[in-house]
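Report on the following structure.
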Amino acid sequence: MTVNLNNRVAIVTGAGAGLGREHALLLARLGAKVIVNDLGSDVNGQGGSTMAAQKVVDEIIAAGGEAIANSASVTNIEQVQQMVDETIARWGRVDILVNNAGILRDKTFSKMSLEDFRTVIDVHLMGAVNCTKAVWEIMREQKYGRIVMTTSSSGLYGNFGQSNYSAAKMALVGLMQTLALEGEKYNVRVNCLAPTAATRMLEGLLPEEALKALAPSAVSPAIAALVSEDAPTRMILCAGAGSFEAAHITLTQGIHLGTDEQVPHVLAQRLADVADRTDEFVPVRGAAQGDLELKKASLTTGE
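To convert a position in the sequence shown, counted from 1, into the working numbering, add 1.
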């Protein structure tokens, strides 16, 4: 299967450096016209400049591709809407959105200010919401769209000192799950990418050899797969150092205990049985939990 993005139009946020830059360069090489969005701030979200985005655009054009730079802040819905409007005015459509923009404000929860918590949520979660909302009706009407949310192993599994980042990244998984359901009949496919890459966010945390193996360019093939014509939907694709995995949110079969007064005590003793992963499954939608519970209750009571 060959990934061909000729005549597709892609918006990549946070594309001035690191992962976003590699995503933009690869999408352009595969034929897409690319809007390289980057506020130009540092890893903490401070400052701003159009130079980073323009440099990536220059690289794409020098290689024979088409691209334009954009410095909209993903947290500003008016700027985001203007970016999308300009894209439509220039190329007539938006086919791909890669929500990659992000910042870090790492501290343990006890030392973290609520301002730093909200700021990270605003950039990662609401930034993705703003950009997705701005293209959603366009994609539905043209009956084609590919959207990628950038989640993280920190959100999926936790990471010390990143409660704000982890909360935002797991929230994006929930957003993806529902939007994939709502977009299905319009051929709008929504997925998550959980990257491991040596970006500005990891400098000084890993040895040089590991940083080389974790080059951002080794992650970007995952983006190509998630935005292709034959892309999946509702997938959490993990990528790093040239390896790829899938993460799943599963539901165990659990146990039925009824509703009598002894249930709190019995449940506390049988949590290991609840967590038993034999025959666990990936629910198609949220209602699957209630369906399973009602089924077990009916089977147990003989109704």
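Where a beta carbon is used, it is the ideal one built from N, C-alpha and C, also for glycine. Please read all numbers here as calculations on a predicted model, not as lab measurements.
Taking the alpha helix (DSSP H) that residue i falls in, what are its first and last residues?
i                 : result
leucine 272       : 272-275
glycine 184       : 164-184
isoleucine 78     : 78-92
phenylalanine 118 : 115-122
serine 154        : 154-158
alanine 225       : 222-228
Pull the bridge partners of residue i from the DSSP assignment, please.
i            : result
valine 191   : Ile148
valine 10    : Lys34
threonine 68 : Note that residue 68 is alanine in the sequence shown here, rather than threonine. In DSSP, alanine 68 forms a bridge with Val35.
leucine 252  : Phe282
Going by DSSP in three states, residue i sits in which element: helix, strand or coil?
i              : result
threonine 51   : coil
valine 285     : coil
proline 196    : strand
alanine 73     : coil
glycine 46     : Annotation note: pLDDT 46 at glycine 46 (below 50); position unreliable, coordinate value reported separately. Coil, per DSSP.
alanine 16     : coil
lysine 108     : strand
histidine 266  : helix
leucine 27     : helix
asparagine 5   : coil
proline 217    : helix
aspartate 292  : helix
glutamate 125  : Residue identity check: residue 125 is histidine in the sequence provided, not glutamate. Three-state result, histidine 125: helix.
isoleucine 139 : helix
isoleucine 62  : helix
leucine 212    : helix
glycine 103    : coil
alanine 232    : coil
glycine 306    : The shown model of the chain, from 2 to 304, leaves out residue 306, and the question about it has no answer.
threonine 260  : coil
The beta strand (DSSP E) that contains residue i, what's its start and end?
i              : result
valine 37      : 34-38
asparagine 100 : 97-100
alanine 247    : 244-248
isoleucine 237 : 237-241
Express the C-alpha separation of residue j and residue i in angstroms, rounding to a whole number.
i              : j              : result
alanine 198    : alanine 216    : 6 Å
valine 31      : lysine 56      : This sequence places leucine at residue 31; valine is not what is there. Roughly 19 Å separates the two Cα atoms.
valine 267     : alanine 273    : 11 Å
lysine 108     : threonine 260  : 42 Å
glutamate 294  : glycine 184    : 28 Å
threonine 51   : alanine 232    : 32 Å
glycine 156    : methionine 171 : 5 Å
serine 221     : alanine 242    : 11 Å
asparagine 45  : alanine 269    : Only weak support exists for where asparagine 45 lies, its pLDDT of 49 falling under 50; the value from the coordinates is given anyway. Using only the alpha carbons, I get a separation of about 43 Å.
threonine 151  : asparagine 100 : 6 Å
arginine 278   : threonine 251  : 9 Å
leucine 176    : lysine 134     : 12 Å
arginine 141   : alanine 64     : 32 Å
glutamate 209  : alanine 219    : 16 Å
glycine 303    : alanine 248    : In this prediction, glycine 303 scores a pLDDT of 49, lower than 50, which makes its location untrustworthy; the coordinate-derived value is nonetheless stated afterwards. The alpha-carbon atoms of glycine 303 and alanine 248 are separated by roughly 36 Å.
glycine 15     : glutamine 263  : 54 Å
asparagine 160 : alanine 90     : 42 Å
arginine 94    : alanine 18     : 25 Å
glycine 48     : glycine 41     : Low confidence applies here, because glycine 48 scores a pLDDT of 48, under 50, leaving its location unreliable; read the following figure in that light. Looking at the two C-alpha atoms, the distance is approximately 7 Å.
glycine 21     : valine 13      : 7 Å
leucine 27     : tyrosine 158   : 29 Å
alanine 68     : asparagine 7   : 13 Å
arginine 271   : alanine 226    : 42 Å
cysteine 132   : isoleucine 122 : 14 Å
valine 283     : proline 265    : 27 Å
alanine 11     : glycine 255    : 43 Å
Flag this pair as touching only if the region 124-131 and the region 73-81 have three or more C-beta atom pairs under 8 Å; answer yes or no. yes
Between the region 140-154 and the region 183-194, do three or more beta carbon pairs fall short of 8 Å? yes
Determine, using beta-carbon pairs with one atom in the region 34-41 and one in the region 109-123, whether at least three such pairs fall under 8 Å. no
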